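Residue numbers (this note's numbering): 390 to 842. Input: a single structure, listed below in structure tokens.
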């Protein structure tokens, strides 16, 4: 299919993203990349400023200096850290100037990138939430980075394998990891210690611990055992822990049966007992983060990207751990990758930035030390800075160690459409108490219709 036709299909898929914008919490898999409990707009160029051709274009040469455009989805403290990163590059590279532009959440960035491609105002480089990379790769608008890596003495083997699941399509390396994360278990260790409880490692242990930590006053729950943001990330993780896959290997249907029922029945049992607080959809990430900080919930499924904000806010003994397993350990990954657009007229300059970003200690490594996201190259992981950080703050190493169990079961060009239907199923079960087997069966039929397109 010609690029124009594929772009048309991709643009129609984007209509869904407006519906999904705002779904999920801070730093989660699907929408936001801000790591603070109350994200604010990045000091970098705003989305409205980027609407002009001068800000949205693919860059231009100014004398001997080449200007390249980089769009991202980082707000709050993480947005400030990205601004600092870009300034470090610009101050040390006299021939290239990077203009970083905050485009809103992950979904907003996808929408604006599609619009930019259609109007020939796309940037040279962009951050993309990893689940959306395939949609752009399928439209042939992402540059194959393999020859660029080779020219710099690099290869895909230099990157952490557990973070490369959404980078290679049709034998082309079209994305590299940047602000990557996994969900982990965040724990108020003080509360567990008061009850003489150990950190749970299995679903059964998690259920017992969560129930034991519930406090009720006048018939109302004043402290919950467990919470998590409203998001597809966590049920997806649990379905795979129960032995299923989100999509089957053929990409024609879901890859689970009883595992889905088991997952949601487990969550509903906890919810009905008052042990699980399941938040409203809007601003769910900030809601559960603040409940955890305030001691109103003892344990939380949340992104590793929240560690920095939580560690600086809590007044109790704070710990992290792997997501508890059922029949196996499993965790999805999330967060943003970085891509180069094939429409860029400044590819050499763009690669100069991307190469520095990925490999220089003053690039993403410094950003990761600041933010709490995952180190994504072997050299970065072995660096003194990361090793010292992990020794000082062992909570940050948990997510990296958990990558040995990383899975990418939502890998499909149809993921945005299927995700919308999955959100509807989650809402029906968790908010409206609909029958679990029939709701999941309806979702399966909807998913199969979408996947058959």
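The C-beta atom is built at its ideal place from N, Cα and C for all residues, glycine as well. Keep in mind it's a predicted model, so treat the numbers as computed, not measured.
N- and C-terminal bounds of the beta strand (DSSP E) containing residue i
i, result
"residue 762", "Element bounds for residue 762: n/a, residue is neither H nor E."
"residue 835", "Looking at the DSSP string, residue 835 is not in any beta strand (DSSP E); the run it does join, the alpha helix (DSSP H), is 825-840."
"residue 634", "634-636"
Local Cβ density within 10 Å of residue i, reported as buried at 16 or more and exposed below that
i, result
"residue 668", "buried"
"residue 826", "exposed"
"residue 822", "exposed"
"residue 666", "buried"
"residue 640", "exposed"
"residue 820", "exposed"
"residue 370", "As displayed, the chain neither begins before 390 nor continues past 842, which places residue 370 out of reach and without an answer."
"residue 738", "buried"
"residue 761", "buried"
"residue 500", "buried"
"residue 494", "buried"
"residue 828", "buried"
Span separating the alpha-carbon of residue i from that of residue j
i, j, result
"residue 585", "residue 740", "53 angstroms"
"residue 638", "residue 497", "30 angstroms"
"residue 423", "residue 515", "At residue 423, the pLDDT of 49 sits below 50, so the modelled position is not reliable and the matter cannot be decided from this model."
"residue 778", "residue 772", "10 angstroms"
"residue 541", "residue 786", "29 angstroms"
"residue 647", "residue 716", "13 angstroms"
"residue 727", "residue 629", "27 angstroms"
"residue 425", "residue 695", "Because residue 425 sits at a pLDDT of 40, beneath the cut-off of 50, its placement in the model cannot be relied upon, and the point is left open."
"residue 605", "residue 686", "12 angstroms"
"residue 764", "residue 774", "11 angstroms"
"residue 587", "residue 467", "33 angstroms"
"residue 868", "residue 465", "There is simply no residue 868 to check, as the chain begins at 390 and stops at 842 in what is shown."
"residue 436", "residue 557", "Below a pLDDT of 50, predicted positions are generally treated as unreliable, and residue 436, at 35, falls in that range; the measurement from the model is reported next regardless. So the two alpha carbons sit approximately 29 angstroms from each other."
"residue 490", "residue 752", "17 angstroms"
"residue 677", "residue 539", "44 angstroms"
"residue 832", "residue 811", "7 angstroms"
"residue 712", "residue 720", "7 angstroms"
"residue 770", "residue 567", "14 angstroms"
"residue 461", "residue 809", "23 angstroms"
"residue 746", "residue 834", "43 angstroms"
"residue 506", "residue 837", "29 angstroms"
For residue j and residue i, believed in contact at Cβ under 8 angstroms, the rounded distance
i, j, result
"residue 618", "residue 691", "7 angstroms"
"residue 722", "residue 571", "5 angstroms"
Range of the contiguous alpha helix (DSSP H) that encloses residue i
i, result
"residue 456", "Premise fails: residue 456 lies in the beta strand (DSSP E), 454-461, not in any alpha helix (DSSP H)."
"residue 655", "647-661"
"residue 627", "622-630"
"residue 481", "465-481"
Proximity test, Cβ basis, 8 angstroms: residue i and chain C
i, result
"residue 576", "The question asks about chain C, but that chain is absent: this structure has only one protein chain."
**Entirely enclosed alpha helix (DSSP H) segments - the region 546-615, minimum 4 residues** = Taking only runs of at least 4 residues, the alpha helix (DSSP H) segments lying wholly in the region 546-615 are 578-583, 592-601.
**Message:** Suppose only complete runs of 4+ residues qualify. What are the alpha helix (DSSP H) ranges in the region 675-762, listed by chain order?
**Reply:** Correct list: 696-700, 736-748, 755-760.
**Request:** Report the residue ranges of all beta strand (DSSP E) runs contained in full by the region 486-551; include only those spanning at least 3 residues, in chain order.
**Result:** With a minimum length of 3 residues, the continuous beta strand (DSSP E) runs that stay inside the region 486-551 are 514-518.
**Asked** At which residue ranges does the region 783-817 contain complete alpha helix (DSSP H) runs of 4 or more residues, listed in the order of the chain?
**Response** As far as the region 783-817 is concerned, its whole alpha helix (DSSP H) runs of at least 4 residues are 784-791.
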